[in-house]
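Below is one structure, written out as structure tokens; the observations come after it.
Protein chains: 2
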Amino acid sequence: MVQVMCAQRTKLRRAEILAAASEVFRAKGFHAAGMRDIAARLDVAVGKLYYWFPSKEALLAFCQEDCLTRLLAMIAVAEEEHVTAVDALRALIRGHLRCLNAEVPGSLAHLETESLSSTDRPRILRQRRRYEEAVTAVIARGVRKGELQVKDARVAACVLLGALNWTVKWWRPDGRLGLDALAEAMADQLVDGLCVRGPARKRRRK
Amino acid sequence: MVQVMCAQRTKLRRAEILAAASEVFRAKGFHAAGMRDIAARLDVAVGKLYYWFPSKEALLAFCQEDCLTRLLAMIAVAEEEHVTAVDALRALIRGHLRCLNAEVPGSLAHLETESLSSTDRPRILRQRRRYEEAVTAVIARGVRKGELQVKDARVAACVLLGALNWTVKWWRPDGRLGLDALAEAMADQLVDGLCVRGPARKRRRK
DNA sequence: GTAGGATCTGAACCATGGTTCAAGTGATGT
DNA sequence: ACATCACTTGAACCATGGTTCAGATCCTAC
Chain A
1 MVQVMCAQRT KLRRAEILAA ASEVFRAKGF HAAGMRDIAA RLDVAVGKLY YWFPSKEALL
61 AFCQEDCLTR LLAMIAVAEE EHVTAVDALR ALIRGHLRCL NAEVPGSLAH LETESLSSTD
121 RPRILRQRRR YEEAVTAVIA RGVRKGELQV KDARVAACVL LGALNWTVKW WRPDGRLGLD
181 ALAEAMADQL VDGLCVRGPA RKRRRK
Chain B
207 MVQVMCAQRT KLRRAEILAA ASEVFRAKGF HAAGMRDIAA RLDVAVGKLY YWFPSKEALL
267 AFCQEDCLTR LLAMIAVAEE EHVTAVDALR ALIRGHLRCL NAEVPGSLAH LETESLSSTD
327 RPRILRQRRR YEEAVTAVIA RGVRKGELQV KDARVAACVL LGALNWTVKW WRPDGRLGLD
387 ALAEAMADQL VDGLCVRGPA RKRRRK
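What follows is the structure, given as structure tokens:
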């Protein structure tokens with residue numbers, strides 16, 4: 001009874017801290033961000049951070065894990081809800097952008113994994129790999145079904161994820177382009193391509 | 207006479223240091239990389255670095271400027287040598303990948319500009335903007351000529367550059383995929399798109 | 001050979017920033 | 001009221017790492 005309330009409160013405190021940490025990490029990068037910056041954003045003392053988390057690195061690890069968990073959940077739903085690979089891909093693009101750019105806590109995601117050296121690094125990398133393989137699988141399915149054309153689904157996934165991840169470097173919520181509009185534009189560009197292809201026009205090169 | 211030799215030697219020394227710095231920056235990130243790491247890679251004392259460059263940040267600035275200069279030269283050539291926007295775009299993709307991943311000194315390019323706070327930051331950002339606008343211009347030209355289809359050429363350029371820049375995070379020279387093969391795969395994917403479009407098939411959505 | 005400049009060394013300096021901890025605050029149960 | 005415990009504070013500690021500098025070394029000119 002009392003424990004339940006405490007558990008909720010605990011989760012809340014930790015979530016608040018994670019959200020602030022995530023924002024600061026994202027704005028300045030992991031190394032440039034200081035614990036004092038994070039504390040200042042919450043208007044609390046540094047010591048508080050260490051009451052709820054063991055270290056700065058743990059803060060990053062929690063951020064990343066949180067984001068990866070949401071990405072994995074998102075892609076599972078995308079696969080389930082759409083029959084064609086093309087539709088699943090478009091849903092994936094929208095979902096990925098939301099995870100990184102809208103749902104704040106942990107938004108810097110699997111970027112900066114180099115900064116992790118502790119015990120939880122392998123676990124995070126494993127999760128990231130699982131996600132990458134899920135994306136690869138969607139593309140591979142599209143190729144099998146004749147919906148998509150790529151030489152190497154794994155490389156195609158890296159390229160796609162690169163374009164999506166890079167948005168954290170340039171997209172800003174207060175810009176003229178909303179997140180959903182961006183998602184649609186990116187889906188058009190990445191799925192359909194930039195090039196106008198006339199009827200019956202063949203692919204360039206072999 | 208003597209001055210000429212000195213000038214050459216000076217350039218050589220600085221280039222050696224820049225190359226080492228670039229590799230370390232790239233491997234560990236700007237903040238995580240230490241001056242002692244860079245010195246160790248060259249097997250010299252830290253003091254040497256400060257004889258040739260005023261600070262660590264200057265090292266980063268020189269790296270970035272060097273890379274941006276090469277990118278700007280590259281895109282000028284690409285524009286000149288190819289009549290169609292599609293061909294220019296494919297050349298640009300290949301050239302960008304080479305600048306970032308092959309021609310070592312300065313390869314981390316315009317990434318990590320947040321880390322610059324000194325006097326040369328605005329200059330670097332201006333150059334980067336010039337490059338981005340050159341890329342945007344190629345795309346816009348393609349749209350005007352009816353070769354390409356995008357709503358917003360600027361956004362399309364960001365997406366394209368994002369996919370290209372992200373390669374520094376995952377592509378490795380010793381992998382099974384060579385740089386030129388990667389360039390071709392990326393050009394196919396980004397220019398032509400992932401989706402197979404049958405003859406006369408319309409774009410999804412409006 | 002020797003003076004003088006250019007170049008290099010590495011130990012020491014010092015600010016930054018992650019981390020710790022002893023002490024304070026406030027709520028809860030008795 | 002009082003004891004207890006969860007929670008918070010912020011000053012202090014200390015390792016890291018950018019930077020400096022006094023001296024060593026090397027090279028060129030005379």
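Taken in sequence, the protein lines are chains A and B.
Following this note's numbering, the residues of the first sequence are numbered contiguously, the last one being 206.
Following this note's numbering, the residues of the second sequence are numbered contiguously, the last one being 412.
We put the CB at the ideal spot given by N, CA and C, even for glycine.
Quick caveat, the model's predicted, so the values are computed rather than measured.
Using CA coordinates, which residue listed in the options is at the minimum distance from residue i?
i, options, result
"ARG41 (chain A)", "A:LEU60, A:TYR50, A:GLY47, A:ALA21", "A:ALA21"
"SER117 (chain A)", "A:LEU59, A:THR136, A:VAL44", "A:LEU59"
"ASP120 (chain A)", "A:VAL46, A:CYS63, A:TYR50, A:ASP37", "A:CYS63"
"ARG13 (chain A)", "A:ARG26, A:LYS28, A:VAL44, A:MET35", "A:VAL44"
"ALA393 (chain B)", "A:LEU177, A:LEU160, A:ASP174, A:TYR50", "A:LEU160"
"VAL252 (chain B)", "B:ILE223, B:GLU390, B:LEU274", "B:ILE223"
"LYS56 (chain A)", "A:HIS82, A:GLU80, A:ARG36", "A:ARG36"
"ASP66 (chain A)", "A:GLN149, A:GLY162, A:GLY175, A:LEU111", "A:LEU111"
"TYR51 (chain A)", "A:GLU103, A:THR69, A:ALA102, A:THR10", "A:THR10"
"ALA185 (chain A)", "B:ALA391, B:LYS357, B:GLY348", "B:LYS357"
"ARG123 (chain A)", "A:ALA61, A:ASP174, A:ALA85, A:LEU92", "A:ALA61"
"ARG26 (chain A)", "A:ASP174, A:GLN189, A:ARG128, A:TRP170", "A:TRP170"
"LEU383 (chain B)", "A:GLN127, A:ALA153, A:GLU79", "A:ALA153"
"ALA284 (chain B)", "B:ARG335, B:ALA297, B:ARG334", "B:ALA297"
Can you give the beta carbon distance from residue i to residue j, rounded, assuming they're within the 8 Å contact cut?
i, j, result
"CYS195 (chain A)", "VAL397 (chain B)", "5 Å"
"GLY193 (chain A)", "GLY399 (chain B)", "2 Å"
"GLY235 (chain B)", "HIS31 (chain A)", "7 Å"
"ARG129 (chain A)", "LEU68 (chain A)", "Incorrect: roughly 10 Å between the Cβ atoms, too far for contact."
Run down chain A in chain order and give the residues with a C-beta less than 7 Å from the C-beta of residue i.
i, result
"MET392 (chain B)", "VAL159"
"ASN371 (chain B)", "TRP166"
"ALA362 (chain B)", "GLN189, LEU194"
Between the alpha carbons of residue i and residue j, how many angstroms are there, rounded?
i, j, result
"ALA137 (chain A)", "LEU303 (chain B)", "26 Å"
"ALA294 (chain B)", "LEU385 (chain B)", "18 Å"
"CYS102 (chain A)", "VAL361 (chain B)", "Here residue 102 (chain A) is Ala; the residue named in the question, Cys, does not match the sequence. Cα to Cα, the separation comes out at about 18 Å."
"LEU306 (chain B)", "LEU388 (chain B)", "13 Å"
"LEU354 (chain B)", "ALA15 (chain A)", "45 Å"
"ARG378 (chain B)", "VAL230 (chain B)", "15 Å"
"VAL83 (chain A)", "GLY142 (chain A)", "10 Å"
"VAL135 (chain A)", "ILE75 (chain A)", "8 Å"
"LYS254 (chain B)", "GLN8 (chain A)", "56 Å"
"LEU277 (chain B)", "GLU132 (chain A)", "30 Å"
"ALA157 (chain A)", "ALA369 (chain B)", "10 Å"
"SER321 (chain B)", "LEU331 (chain B)", "12 Å"
"ARG144 (chain A)", "GLN395 (chain B)", "17 Å"
"ALA73 (chain A)", "GLU286 (chain B)", "47 Å"
"ALA346 (chain B)", "ARG94 (chain A)", "25 Å"
"ALA245 (chain B)", "ASP380 (chain B)", "25 Å"
"PHE435 (chain B)", "THR319 (chain B)", "Here chain B comprises residues numbered 207 to 412, so residue 435 (chain B) is not present and cannot be evaluated."
"ALA291 (chain B)", "ALA225 (chain B)", "33 Å"
"ASN165 (chain A)", "TRP372 (chain B)", "8 Å"
Could you work out which residues of chain A lie near residue i, taking near to mean beta carbons separated by less than 8 Å?
i, result
"ALA238 (chain B)", "HIS31, GLU114, SER115"
"LYS234 (chain B)", "GLU114"
"LYS357 (chain B)", "ALA185, ASP188"
Identify the contact partners of residue i in chain A, using a Cβ-Cβ distance below 9 Å as the criterion.
i, result
"GLY368 (chain B)", "GLY162, ALA163, LEU164, ASN165, TRP166, THR167, LYS169, TRP170"
At a CB-CB cut-off below 7 Å, which residues of chain B make contact with residue i?
i, result
"LEU148 (chain A)", "LEU400, CYS401, VAL402"
"VAL86 (chain A)", "CYS401"
Consider the C-beta atom of residue i and the heavy atoms of the ligand SAH; say whether any pair is separated by less than 7 Å.
i, result
"ASP192 (chain A)", "No copy of the ligand SAH occurs in the structure displayed, which carries no ligand at all."
Anything in chain B within Cβ reach of residue i, meaning under 8 Å, just list it in chain order.
i, result
"LEU177 (chain A)", "ASP358, VAL361"
> At which residue ranges does the stretch 81–162 of chain A contain complete beta strand (DSSP E) runs of 3 or more residues, listed in the order of the chain?
Replying inline: none
> Which residue spans inside the stretch 17–80 of chain A form an unbroken alpha helix (DSSP H) run of at least 4?
Replying inline: 35–42, 46–52
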